[in-house]
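Using our numbering, you'd call the opening residue of the sequence shown number 979 and step up by one each time.
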Amino acid sequence: MERVAVVGAGLIGGAWAIVFARAGHPVRIWDPVAGAAERSMAVARERLADLAAAGLIAEAPEAVAARITIAATLDECLEGAAHVQENGPERVEVKREGFARLDALCGPEVVLASSTSGIPASAFTEGLAGRARCLVAHPVNPPYLVPLVELVGAPWTDAAVVARTRALMEGAGQVAVTALRETRGFVLNRLQAALVAEAFRLVRDGVMSVEDVDACVKDGLGLRWSFMGPFETIDMNAPGGVADYAARFGALMGGITEEQTPFLYDAATVAKVDAARRAVLAREAIAQRSGWRDRRLMALIGHRRTQPS
């Protein structure tokens, strides 16, 4: 199995280490902040124990964790790696500096992928000698439970690098999707942004409460969307499929989108939604509730594995 280097040991970096180690890859993890990699490993061991308890890994948690090694230096982390997964801060100047260093240290055969949530690879790889082997591999948090990963190359990224990264991700149990060109925020974030913006607008305009908007998704749209995408959903919402759906509902749905002006997260609406959430979940309880979310995701994944596609 190819060695993977995980550069940056925060929330996403530690989660990626689990993904690759679970698939059998030897992983080295490094972070410039003292103690960060050690804290990440402690969390990884807890998550691996949860995965084992949910029946989502076949091996003992200790066996998976043993494939993850903390590197003392960046050079040590990169040694022998075939793939580098970078997880640094979301600032373009930091990405640019970090990728310049990775490009200088890694041989030309090593793929350099960034976990960035919204910065296109073209913004931080253009001036690199090895820019053709750089791309974005944007995960969904946490990637060891939510398997989707968006592969987004810059205009100069070698198609073979994208294909190789897709094969690596799929071999590690992820669901890889490939963007045909760069877009602002990438595809998953754009889909999420559209729904979240409308949710805020409905609260701002006094149409529905925060709790009931959430219910519309978790007890409505989300039930279907946990195993079908939007196109497959509408294909089954009219007897004649997508074309029939558009004929029946196109005027209504199109008219709704005409009303959906940009939402720029004004302070008053954000404060209203935040107050509603804090009334049911104290800020200091968010981390605990996130653990509950992960266990529910584990249960859902376990159920899905028993069902036909």
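Glycine residues also receive a C-beta, built at the ideal position from the N, C-alpha and C atoms.
Keep in mind the model is a prediction, meaning the values are calculated, not measured.
Spatial neighbours of residue i in its chain, beta-carbon cut-off 6 Å, leaving aside the 5 residues before and after
{"i": "E1153", "result": "Checking the displayed sequence, the identity of residue 1153 turns out to be Val instead of Glu. P1125 and L1126, listed in sequence order."}
{"i": "L1275", "result": "L1123"}
{"i": "R1256", "result": "none"}
{"i": "A1254", "result": "V1188"}
Where the beta strand (DSSP E) containing residue i begins and where it ends
{"i": "Q1266", "result": "Premise fails: Q1266 lies in the alpha helix (DSSP H), I1264 to R1283, not in any beta strand (DSSP E)."}
{"i": "G1105", "result": "Neither: G1105 is in no beta strand (DSSP E) and is coded neither H nor E."}
{"i": "A1050", "result": "A1050 -> no beta strand (DSSP E), and no H or E assigned at all."}
{"i": "E1189", "result": "Here E1189 belongs to no beta strand (DSSP E); instead the alpha helix (DSSP H) covers V1188 to C1194."}
{"i": "R1006", "result": "V1005 to W1008"}
{"i": "V1251", "result": "From DSSP, V1251 is part of no beta strand (DSSP E) but of the alpha helix (DSSP H) over A1245 to V1258."}
{"i": "E1128", "result": "L1126 to G1131"}
{"i": "A1091", "result": "V1089 to S1092"}
{"i": "R981", "result": "R981 to V985"}
Proximity of residue i and residue j at Cβ, strictly below 8 Å
{"i": "A1150", "j": "F998", "result": "yes"}
{"i": "T1235", "j": "F1178", "result": "no"}
{"i": "V1089", "j": "H1061", "result": "yes"}
{"i": "P1086", "j": "G1058", "result": "no"}
{"i": "E1068", "j": "S1100", "result": "no"}
{"i": "A1110", "j": "T1143", "result": "no"}
{"i": "E1128", "j": "F1102", "result": "no"}
{"i": "V1118", "j": "L1166", "result": "yes"}
{"i": "V1220", "j": "F1227", "result": "no"}
{"i": "R1023", "j": "P1004", "result": "no"}
{"i": "L1026", "j": "D1053", "result": "no"}
{"i": "V984", "j": "A1001", "result": "no"}
{"i": "A1138", "j": "V1114", "result": "no"}
{"i": "D1222", "j": "A1216", "result": "yes"}
{"i": "V1021", "j": "G992", "result": "yes"}
{"i": "F1205", "j": "R1079", "result": "no"}
Residues near residue i by beta carbon distance below 8 Å, same chain, minus five either side
{"i": "R1273", "result": "D1028 and A1032"}
{"i": "T1051", "result": "W1008"}
{"i": "G988", "result": "D1009, A1014, S1018 and N1065"}
{"i": "L1242", "result": "none"}
Span of the alpha helix (DSSP H) around residue i
{"i": "A1044", "result": "Element bounds for A1044: n/a, residue is neither H nor E."}
{"i": "R1069", "result": "Element bounds for R1069: n/a, residue is neither H nor E."}
{"i": "P1117", "result": "Per DSSP, P1117 belongs to no alpha helix (DSSP H); it is in the beta strand (DSSP E), C1112 to P1117."}
{"i": "G992", "result": "L989 to R1000"}
{"i": "L1199", "result": "L1199 -> no alpha helix (DSSP H), and no H or E assigned at all."}
{"i": "G1228", "result": "V1220 to E1237"}
{"i": "R1023", "result": "A1014 to A1031"}
{"i": "D1213", "result": "P1208 to D1213"}
For residue i, the nearest candidate out of the options (CA to CA)
{"i": "V1070", "options": "P1098, A1091 and Y1243", "result": "P1098"}
{"i": "I1035", "options": "Q1285, V1251, G1280 and E1210", "result": "G1280"}
{"i": "L1106", "options": "P1121, P1120, E1075 and R1202", "result": "E1075"}
{"i": "K1250", "options": "R1271, S1287, S1204 and E1189", "result": "E1189"}
{"i": "Q1238", "options": "A1172, A1257 and F1209", "result": "A1172"}
{"i": "L1158", "options": "A1224, M1147 and P1133", "result": "P1133"}
{"i": "E1148", "options": "G1131, E1160, T1161 and P1121", "result": "P1121"}
{"i": "A1277", "options": "M979, V1011, A1012 and A1030", "result": "A1030"}
{"i": "R1168", "options": "A1041, P1286, P1240 and A1044", "result": "P1240"}
{"i": "M1231", "options": "A1245, P1039, I1212 and R1271", "result": "I1212"}
{"i": "R1182", "options": "A1245, E1160, W1203 and E1104", "result": "A1245"}
{"i": "T1161", "options": "G1131, G1184 and M1186", "result": "G1131"}
Other residues of its chain near residue i: CB distance less than 7 Å, five sequence neighbours each side excluded
{"i": "A1049", "result": "R1006, I1007, W1008 and C1055"}
{"i": "G986", "result": "D1009, E1064, N1065 and G1066"}
{"i": "M1019", "result": "I1046 and I1048"}
{"i": "L1259", "result": "R1267"}
{"i": "T1156", "result": "L1129, V1140 and R1144"}
{"i": "V1042", "result": "A999, R1000, L1026 and I1035"}
{"i": "C1295", "result": "Limits of the chain in this structure are 979 at one end and 1287 at the other, which puts residue 1295 out of reach."}
{"i": "K1073", "result": "G1066, S1092, T1094, I1097 and F1102"}
Cutoff 8 Å: residue i Cβ touching any chain B Cβ
{"i": "D1183", "result": "The chain inventory of the structure shown lacks chain B, comprising one protein chain alone."}
Any chance you could list the alpha helix (DSSP H) runs of at least 4 consecutive residues sitting entirely within the segment 1137-1171, in chain order?
-> Counting only runs of 4 or more, we get 1137-1149.
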